[in-house]
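The sequence shown begins at 3 in our numbering and counts up by one.
To start, the structure itself, in structure tokens.
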Amino acid sequence: MTDRLRVVYLDHCARLSGAELAMLRLLPALTDAVDAHVILAEDGPLVAKLKAAGVSVEVVPMAEIARGMARHQVRPGRLPGASVFHTARYIALLAVRLRQLRPDLVHTNSLKAGVYGSVAGTLAKVPVIWHAHERLADDYLPGAAIRLVRAMIRHLPTAVITNSQSTRHGLAAPGVPTAVIPPPVHIDAVPRSRPGSSPLRIGVVGRLAPSKGQHIFLDAFAQAFPDGSEQAVLVGAPLFGEADYEEALREQATRLGLDERVELTGFQENVGAELATLDVLVHASLITEGFGQVVVEGMAAGLTVVAAGAGGPAEIITQDQDGVLYAPGDVHALAAALQRVATDPRLRERLGEAARRRARDFTPEVVADHVVEVYRATARR
């Protein structure tokens, strides 16, 4: 098969979150092999980003009561009737649109898109690839919802892509063709802008949310550096109704006596430029993440990365070879890791160099080759 494959990508979200950024990086690298068309369930910043990258995109709006349902609200048998109605209506509309587009494949890029897209693709008689970015675990979804999603994955998609072995294990779908392919990460050319004599800057980059553990980081930072010039940096903004958390972090910094040493930058579009101002990147997630793109972004920037040692980050980092792992949620363990890397410049330099080499395994070109292999195998089934 030498012709370009026609692939429709589905995502319920048009905000610049992890899975959406991964898709944005992947699609331009697929241009030679794939004729891509993206269908989003809402309008948002991702639309303009995709268009700027030369990707065909359209918005087929989904009612907010269905699209905006939070994870903890997903309980089979107790879903709001209006949400069920609008989801079913959207599936029918999407199936019609897929019949019009006549793609070779449908690629769902979020958990919600996997649910509605796998049904719509089945109705339209188009092979579906369910791309799982999230671990199915009880710290992420209610148990009944996990069972429902697992049942759907076992019976509806033609194939599955997961971002890590950890995510694959959570699917519990051994009979479904599954490929483990990490999301792509750019190796940015932004030079490090940290003179050696500057105060050490230690940061967390990502959405401000309790599950991301920024409050754990601040507690560990205060314990590791009760006095001194070290600076804590929180890069990111709240999403999904979590604005109160940002104010709670500011209050926590004041309570810990860190007002002058903690910086909250807000949302920053150029993550590479922010990483270039750091010496150490911390991944502090309290939920075991399937991958952890920011971990690889930090490694690509040549930073010393200190990460919660579970799920995807534990697969990415080899302890003390290209990063440092600590027990998730353990303030004392994180504080000890921060003290260790802060007091050893040679260790930071060695880890940063090895991290940058490791990050080359995740470039868009490398990832795209693996994805195309899955596409061609799936289209032949």
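Glycine included, C-beta positions come from ideal geometry on N, C-alpha and C.
All figures in this text were calculated on a predicted structure; none of them were measured in a lab.
Contact between A94 and R69 is ruled out by a C-beta separation of about 15 Å, above the 8 Å threshold.
Bounds of any alpha helix (DSSP H) do not take in R263, whose DSSP letter is neither H nor E.
Judged by DSSP in its simplified three-state form, L138 adopts coil rather than helix or strand. For L336, the uninterrupted alpha helix (DSSP H) segment begins and ends at V333 to A344. In this structure, the straight-line span from the alpha carbon of T169 to that of A175 is close to 11 Å.
DSSP lists I204 and T306 as the bridge partner or partners of V282.
Pairing I204 with A234 gives a Cβ-Cβ distance under 8 Å.
Of G292, Y142, R156 and A278, the smallest CA-CA separation from L202 is found for A278. The C-beta distance from H109 to H133 rounds to 6 Å, short enough to meet the 8 Å contact threshold. Assigned with DSSP and collapsed to three states, T169 falls in helix. The stretch 211-220 makes contact with the stretch 274-294, as at least three CB pairs between them are under 8 Å. Take the alpha-carbon of S58 and the one of G354: they are about 38 Å apart. Here the alpha carbons of I148 and D140 stand approximately 8 Å from one another. According to the DSSP assignment, L158 belongs to no beta strand (DSSP E), since it is labelled neither H nor E. Put simply, of T33, L138, V62 and S120 the residue whose alpha carbon is nearest the alpha carbon of F293 is L138.
With the rule of 3 Cβ pairs closer than 8 Å, the stretch 320-330 counts as touching the stretch 298-310.
Just so you know, the alpha carbons of H39 and I218 end up roughly 40 Å apart. When DSSP reads this structure, I218 sits in no beta bridge, so it has no partner. Contact annotation: the stretch 17-36 does not touch the stretch 60-67, with fewer than three C-beta pairs closer than 8 Å. Beta-bridge partners of Q321 (DSSP): G325.
Residue environment: D13 is assigned as buried (16 or more neighbouring CB atoms within 10 Å of its CB, all protein chains considered). Between D261 and R350, the gap from beta carbon to beta carbon reaches 8 Å or more. By the 16-neighbour rule on beta-carbons within 10 angstroms, V298 is buried.
In the structure shown, E248 falls within a helical segment according to DSSP collapsed to helix, strand and coil. Residue range L107 to T110 is occupied by the beta strand (DSSP E) that includes T110.
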